[in-house]
Structure formats: C-alpha cells, structure tokens
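Student:
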Amino acid sequence: MRALAEYLAASWQLSPLGRELLSAGLILLTAIVVFAVALLIAALLTWLERRVAGRVQSRVGPNRVGPLGLLQWLADGLKMILKEDVVPAAADRPLFLLAPYPVMIGVFAAFATVPFSQLLIAADLDVGVLYLIAVTSLVVVGILMAGWGSNNKWSLLGGIRSAAQIVAYEVPAALALLSVVVMAGTLSLQSIVAAQGGWPWEWYLLRTPFGFVAFFIYFTAAVAEGNRTPFDLPEAESELVAGYNTEYSGIRFGGFFLGEFANIYLMSAIASALFFGGWQIPGVTPAEQVGSVWWQALGFLVFVAKAGVGCLVVILLRWTFPRLRVDQLTALCYRYLAPGAFLCLVGNALWIVLVPAGSLFERMVGYGMTAVAAALGLWFVLRMRRHMVSTGDRLDLDLFARGHTRAAFDPAWQARAYGRFRRRRPGEAS
Amino acid sequence: MSDVLVERGPEGTVAVGAIDRMLNLCREHSLWYLLFGTACCAIELMQTGGPRTDADRFGMVFRSTPRQADVMILAGTISYKMASRIRRLYDQMADYKYVISMGSCANTGGLFKDSYAVVQGGDLIVPVDVYLPGCPPRPESLLEGLMLIQQKIEREPWLSRVRGKIPPPKDPWPEGSRCP
C-alpha cells in the first residue's frame, strides 16, 4: 500500500499536501474494503452456522433464500434494517445508541492486520499482535455500554458477566500469543508467518510442546472472549433472556450479531497465522512465493481453508457443548489457563536459549510432535467410527443437503440410519 | 409495471410496487418468532423448530427477547393473570409485528369456555393475524400458519404504511388505553 502511494505520488508529481491527501484517500479506501470483506465473511458465517446447526440436529437449515439458503444473511440483514429501532424510555440514550459501534469497530479494525496471503494484507504493522490484542479489547467497552445503557437487569447482568469474562480470558489469550511471539522474535503477523514453514513440523503448533499447549489455551480463551458456547454466559437464554442485547432491536442488534460472527473468523485467522503457518505452502519458500500469482492464490486458499476449519470447529463446539457455570468459567481461566499460558511462555523462552535454532534435536522434536498429533487425530477418527458402528449411525456431513429433511420423511433412510434403535411395530420381527 | 400487485381489501385499493415486493421478500424469509408459550400448545411450538417440520428452512428462528421477534405465537390457554403479560410482550416487540393465535384456547377460550379464569380468545388482548384451529394444532399446521403470515407480508404495501398513508391494523387496546 505504501509502495502504491509512493508510485502514484511519483507518477502524478504531487505536492506534499497532495501526497498526504492521496495516502489519506488510500487509507480510507482500504478501510472500506476491509470492512466490506469482514462484513461478508461474518454474513456467510451466519449461514454456515445455521446449516451446521441443521446437520447437527438432523435438520436442513435455511434453504429457501437463494441457492442452498446462501442469501439468508441478505434477507436477515434487510429485515433488521426495516425493523423499528426501539430505544427504551428508561435507557441511557447516548450510551444505548452508541453501544454497537465499539463492538463492531473492535472486531472489524482487527481485520486490518489479518494476513490473508503473502501480499494480501491491509496493514502489516510492526506491532501487529499487540494491535490485535489492544483493538479487540474495545469490544468489552461496547458490551458494557449496552449492558448499562439498556437500564435492564438482564442486560446489566449480561454486560457485567461479559466484561468479567473477556477481561479474564484476555490474560491467557495474550500470554499464549506471546509464547509464539517469543519464538518468532517479532510482533508483525507477516514475519511470524514467514518464520514458519509449509510443513506441519515447521508450524509453531508442532515445533515445541509448549506451542502445542499454547494453541489450545489460545483457542479456548478466544472462544470465551467471543462469548460463544460453551462460554456464552453473557447471552445465556435460560437465565438472562438475551443478555446485553436484550433491549436491542433492528439493525443495532445486527451490529452485535455481525461483530460476534466476524470475531469467530478473526480468532480462527489469528490461530491459523500464528500456529498453523498461515499462507505457507508445503515445499515453497516465501521467496519463491512472492514472485508468482499462482502461488499467491494458492497461499490465499491455504490460509482461508485453515481459518475455515477453525470456524467450523468453533461452530460445532457451540452445537455440541452445554454451557458452563460462572464459577467454573472463572476457575478454568484463573486456575488452569492463565498459569498454563505463562508456563508456555517461559517454556518457549527457555527453548530459544537452550536449543540451537535448526539443530537436529529441534527438528526431531518437530517430527515427533507431528507424529503424536497425527496419532491423536487417527485415534479420534477410530473412536468416532467405533461409536457410529456401535449405534448403527452413519457419517452424515452433507452440508449441502437440499429439499426435505431425509431423516424425517424417508422410512428407508431411517431404517438404514437408525436401524438398531428403530421402534418395532407390533408383530414385526426384530 | 407488470410486477405491480393491486390489492383490494378493507384498507382500500393498494398498489404493491417492485421495491415493496423486494423488501417483503426479505421480511417474509426472516420471520423470527418469540419463544413464548402459555400452555400445552407450546410443546407443539417447540416441535416446529425440530427436524420434522424444520422452520429454519424458511429462515424462521426463535428469539427469546421480544425486541428482536417479528411474530408472536399465542401458544395455549391464556389465563387472566397472563393477559397483561402478553399485552406487555406485544408492546415490547418492535414494529412490524404479527400474531398467530394457536389452538382453540387462544382462539376462543376453547375447552375453557365460560371459565372464570381464562381469557375468551387472544384477540381480546392483541390484534391477531392468523387463527389456527386444533387442540393442539400439529407442527405442520403451525408451519402453515407461519406461511400464511408470509403470504400476508407479501401483499403488504410496506412503503405506503411507513409513510403513514395506510392506518395500522386495528388494535383492541391502542396506545394510551389501559391494559386489561
């Protein structure tokens, strides 16, 4: 971006004031593009969430608006704009009206430093990770504003719970990210990605045992920061109606909603960049990648795929786990995650001092960790298979199922899928 | 103007234009219903979101706060004690809003006709758009009720209503009057 600004300024022979204006305009343009991309990602994630929820609950999910319901977000968004924007009479009006903006700014501003590919990044800041941690903390301000401004007991409880939760979980999340920063020796996200490699044993996830633990700590803490189930205490429907957005209707609620979904992608993208090697392609060095458009496109796809898998896991977590209690939530953070993340940080720091970079030992640890991770993955698959065989279920990953719900209307399919537990008719042979 | 739909009704002759129809298409495919039940019909209301009649296919999901809901489903017998709560929830819902009266009790009092404790029909409290017979109506029936609301939305002149050219539907307890 800076190169482009300098090139344009040189070719148009601009005055110093013109240069300033040009760079300001380019920054504005970038901001708009980043905002639009983040908005689109969030909108598509709402579709994904509802489709996955459908599959988990053996339903179909939205399928009427657009092909496979892909435009459902458009209908929802326009509807929310058309809805009345209620401001309760007792609400603190300015706080209530402004509350969605910090939430959205906090999440969408963080998208500026997401390295979608080697060249595709809005701003490769030297203090990228620090900026991410700082900007995403703005979310809690908006949530507190919503909770307080609504002048509603559920909103207030939800807002305070959320503030306690986000502030608490920022500690392990930041420490876990720092343990990667220590390894890379830089805060810039692009440099952190470049310091890794394409192969799994070159990722910070599998290079040291501490990185492996740090990833899980970061992921848990990020899910909690995003107020997602199993940590969705601020929105607990059975206790708090809808938490801090109880009083919000129309597009102001939509702001919170989009912020939450953009946050899912953001945390997956950060995890992908810091722990999973980001846009690195196996067998291709960054120097080779920079020259070729095709390598760039492939790198982009690799990054999006890694982040997409992360999003899928977060969404599946929501539809499989029950909610935690407040004391369990805080205990998990302060007793286990925060000390664990600190140990990871110290461990990685010692690793750098004690283990020479590129030594045989370091490489062997990388290979060993990869083997262990692969074995764990295989064990998971085999275990799932055993469960499915023993219950007579079948693997049903068809996210793109069309039309009617087969499980509900097709007796033959039912017999195949649920044969073991099907209720027998009187007189029917078992 | 082939895509203008002319509707004759109690509100007079009304033209539904192309923009209206696009907006209506969005509104009708994102009907969020209030998670609220007063009696046994609520069990069937829960079933409607389940696998057999998957309401989410049409973009209908439940919201637990009235501010974000578009449709209120009066699911079940309404006791006099509950009546003021229902009215309050209805008033808390953001415009536009629709009401489905589900089951005989909510329609007319049903089984509890002439009871000292039961409101003889939900339309005494809130303006009802769709009445569903049955005790209780099956989930398919409720889904059809929701689709009738969709049809109603499709024929609504949204822009004219927003500009105040058409009066809102008749409310048994308009703003300012005392709640039952």
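Line by line, the protein sequences are chains E and A. The first sequence: position 286 = 286 (my numbering), numbered continuously. The second sequence: position 72 = 72 (my numbering), numbered continuously. Beta carbons are placed, not taken as given, at the ideal position from N, Cα and C, and that holds for glycine. Bear in mind that the values here come from a model prediction, so they are computed numbers and not experimental data.
#1: Select from the segment 54–88 of chain A all residues with a C-beta closer than 8 Å to any C-beta belonging to chain C, and list them in chain order.
#2: Mapping the DSSP letters down to three states, classify S23/E as helix, strand or coil.
#3: Taking 8 Å as the CB-CB limit, is T246/E close to chain A?
#4: Flag this pair as yes or no: are the beta carbons of Y80/A and V119/A separated by less than 8 Å?
#5: Within the 8 Å Cβ cut-off, does E239/E reach chain A?
#6: Any beta carbon from chain A within less than 8 Å of K432/E's own beta carbon?
#7: Can you give the beta carbon distance from I143/E to Y244/E, rounded, assuming they're within the 8 Å contact cut?
#8: Report the option in L28/E, C333/E, L175/E and L78/E whose CA atom is closest to the CA atom of R27/A.
#9: Following the continuous beta strand (DSSP E) through M102/A, name the residue where it begins and the one where it ends.
#10: So, is A331/E buried or exposed, given that buried needs 16 or more other C-beta atoms within 10 angstroms?
#11: Since Y131/A is in the alpha helix (DSSP H), which residue starts that stretch and which ends it?
#12: So what does DSSP say about F62/A, is it helix, strand or coil?
#13: Closer than 9 Å by beta-carbon distance: list the chain A residues that pair up with K153/E, in chain order.
#14: In chain E, which residues lie less than 7 Å from S101/A when you measure between Cβ atoms?
#15: Please state whether DSSP places A75/A in a helix, a strand or coil.
#16: Taking Cβ-Cβ distances shorter than 7 Å, what residues in chain E pair up with L111/A?
#17: Could you check which residue in R63/A, A69/A, G109/A and H29/A has the C-alpha nearest to that of A39/A?
#18: What is the residue span of the alpha helix (DSSP H) that V126/A lies within?
#19: Pull the bridge partners of C118/A from the DSSP assignment, please.
#20: Would you mind sorting I352/E into buried or exposed? The rule is 16 or more other CB atoms within 10 Å of its CB.
#21: So the alpha helix (DSSP H) C333/E belongs to, where does it begin and stop?
#22: How about R67/A and S238/E: are their beta carbons less than 8 Å apart?
#23: For Q72/E, return the contacting residues in chain A, with the cut-off set at a CB-CB distance below 9 Å.
#24: Give me the DSSP bridge partner(s) of L34/A.
#25: So what does DSSP say about M93/A, is it helix, strand or coil?
#26: Verify the CB distance criterion: does V65/E have a CB-CB separation below 8 Å to chain A?
#27: Identify whether I217/E lies in helix, strand or coil by the three-state DSSP scheme.
#28: Would you call the segment 216–235 of chain E and the segment 359–372 of chain E touching, i.e. three or more CB-CB distances under 8 Å?
#29: Between the segment 84–104 of chain E and chain A, which residues of the former have CB atoms less than 8 Å from a CB of the latter, in chain order?
#30: Mind listing the chain A neighbours of F253/E? Cutoff is C-beta to C-beta under 8 Å, in chain order.
#31: Look at the alpha carbon of S11/E and the alpha carbon of R51/E, and state the distance between them as a whole number of angstroms.
#32: Alpha carbon to alpha carbon, what distance is there between I121/E and V114/E?
#33: Along chain E, in chain order, which residues have C-beta atoms closer than 8 Å to that of W41/A?
#34: Which word fits R335/E, buried or exposed, when buried means at least 16 other C-beta atoms lie within 10 angstroms of its C-beta?
#35: Pull up the CB-CB distance for L148/A and V130/A, whole angstroms please, since I reckon it's below 8 Å.
#36: Listed from N- to C-terminal order along the chain, which residues in the segment 255–274 of chain E have their beta-carbon within a distance smaller than 9 Å of any beta-carbon of chain A?
Tutor: On the basis of the coordinates in this document:
#1: The chain labelled as chain C is not found among the protein chains of the depicted structure, namely E and A.
#2: In the first sequence, residue 23/E corresponds to position 23, counting from 1. Here S23/E sits in helix by DSSP.
#3: Position 246 of the first sequence, counted from the start, is the residue given in the question as residue 246/E. Taking 8 Å as the threshold, the shortest C-beta distance from T246/E to chain A falls below it.
#4: Numbered from 1 along the second sequence, position 80 holds the residue referred to as residue 80/A. Numbered from 1 along the second sequence, position 119 holds the residue referred to as residue 119/A. Yes, the Cβ-Cβ distance between Y80/A and V119/A is below 8 Å.
#5: Working through the first sequence from its first residue, we reach residue 239/E at position 239. Not a single CB atom of chain A sits nearer than 8 Å to the CB of E239/E.
#6: Nothing can be reported for residue 432/E, as the shown portion of chain E is limited to 1 through 430.
#7: Position 143 of the first sequence holds residue 143/E. Position 244 of the first sequence holds residue 244/E. That belief holds up - the Cβ atoms of I143/E and Y244/E are roughly 5 Å apart, short of 8 Å.
#8: By one-based count along the second sequence, residue 27/A stands at place 27. The candidate whose alpha carbon is nearest that of R27/A is L78/E.
#9: The residue given as residue 102/A occupies position 102 in the second sequence. For M102/A, the enclosing beta strand (DSSP E) begins and ends at Y98 to M102.
#10: Residue 331/E sits at position 331 when you count from the first residue of the first sequence. Looking at its Cβ environment, which holds fewer than 16 other Cβ atoms inside 10 Å, A331/E is exposed.
#11: Within the second sequence, the letter at position 131 stands for residue 131/A. Following the DSSP letters along the chain, one finds Y131/A in no alpha helix (DSSP H) but inside the beta strand (DSSP E) bounded by residues V130 to L132.
#12: Taking the second sequence and counting its residues from 1, one reaches residue 62/A at position 62. For F62/A, the secondary structure class from DSSP, reduced to helix, strand or coil, is strand.
#13: Here residue 153/E is taken as the residue at index 153 of the first sequence, counted from 1. Per Cβ cutoff of 9 Å: no residues; K153/E is ~13 Å from chain A at best.
#14: Residue mapping note: residue 101/A aligns to position 101 of the second sequence, counting from 1. Neighbours of S101/A on chain E: none; closest Cβ ~22 Å, over 7 Å.
#15: For this step, residue 75/A is matched to residue 75 along the second sequence. Looking at A75/A - three-state DSSP - the assignment turns out to be strand.
#16: Here residue 111/A refers to the residue found at position 111 when the second sequence is read from its first residue. For L111/A, no chain E residue has a C-beta closer than 7 Å to its own C-beta; the minimum C-beta separation is roughly 30 Å.
#17: Mapped onto the second sequence, residue 39/A falls at position 39. That would be G109/A, whose Cα lies nearest to the Cα of A39/A.
#18: What you label residue 126/A is simply residue 126 of the second sequence in a count that begins at 1. Premise fails: V126/A is in no alpha helix (DSSP H) and is neither H nor E.
#19: As a first step, residue 118/A must be located in the second sequence, where it is residue number 118. Strictly speaking, residue 118/A in this sequence is Val, with Cys absent from that position. Within the DSSP secondary-structure output, V118/A pairs in a beta bridge with S79/A.
#20: Taking the first sequence and counting its residues from 1, the one referred to as residue 352/E is at position 352. With fewer than 16 Cβ atoms within 10 Å of its Cβ, I352/E is classed as exposed.
#21: For this step, residue 333/E is matched to residue 333 along the first sequence. According to the DSSP assignment, C333/E belongs to no alpha helix (DSSP H), since it is labelled neither H nor E.
#22: To locate residue 67/A, count along the second sequence from 1; it is residue 67. To locate residue 238/E, count along the first sequence from 1; it is residue 238. With a cutoff of 8 Å on beta-carbon distance, R67/A and S238/E are scored as not near each other.
#23: Taking the first residue of the first sequence as 1, we reach residue 72/E at position 72. In chain order: H29, S30 and G59.
#24: Numbered from 1 along the second sequence, position 34 holds the residue referred to as residue 34/A. Looking at the DSSP output, L34/A sits in a beta bridge with R63/A.
#25: By 1-based counting over the second sequence, the position of residue 93/A is 93. M93/A: coil per DSSP, three-state reduction.
#26: As a working note, residue 65/E is residue 65 in the first sequence. Yes, contact with chain A.
#27: In the first sequence, counting from the first residue as 1, residue 217/E sits at position 217. Of the three classes helix, strand and coil, the one that applies to I217/E here is helix, per DSSP.
#28: With a cut-off of 8 Å, the segment 359–372 of chain E and the segment 216–235 of chain E do not count as touching, because too few Cβ pairs lie within range.
#29: Residues of the segment 84–104 of chain E whose Cβ lies closer than 8 Å to any Cβ of chain A, in chain order: E84, D85 and V86.
#30: Residue mapping note: residue 253/E aligns to position 253 of the first sequence, counting from 1. Correct list: R67 and Q68.
#31: Numbered from its first residue, the first sequence carries residue 11/E at position 11. Numbered from its first residue, the first sequence carries residue 51/E at position 51. If I take the Cα positions, the gap works out to 50 Å.
#32: In the first sequence, the residue the question calls residue 114/E occupies position 114. In the first sequence, the residue the question calls residue 121/E occupies position 121. Roughly 6 Å separates the two Cα atoms.
#33: As a first step, residue 41/A is located in the second sequence; it is residue number 41 there, counting from the start. Before going further, note that residue 41/A is Cys rather than Trp in the sequence given. Against chain E, the beta carbon of C41/A has no neighbour under 8 Å; the closest one sits roughly 20 Å away.
#34: Along the first sequence, one-based indexing puts residue 335/E at 335. Label assigned to R335/E: exposed.
#35: Taking the first residue of the second sequence as 1, we reach residue 148/A at position 148. Taking the first residue of the second sequence as 1, we reach residue 130/A at position 130. The Cβ separation is near 5 Å, so the contact holds.
#36: Legend: CB atoms of the segment 255–274 of chain E lying less than 9 Å from CB atoms of chain A are not found in any residue.
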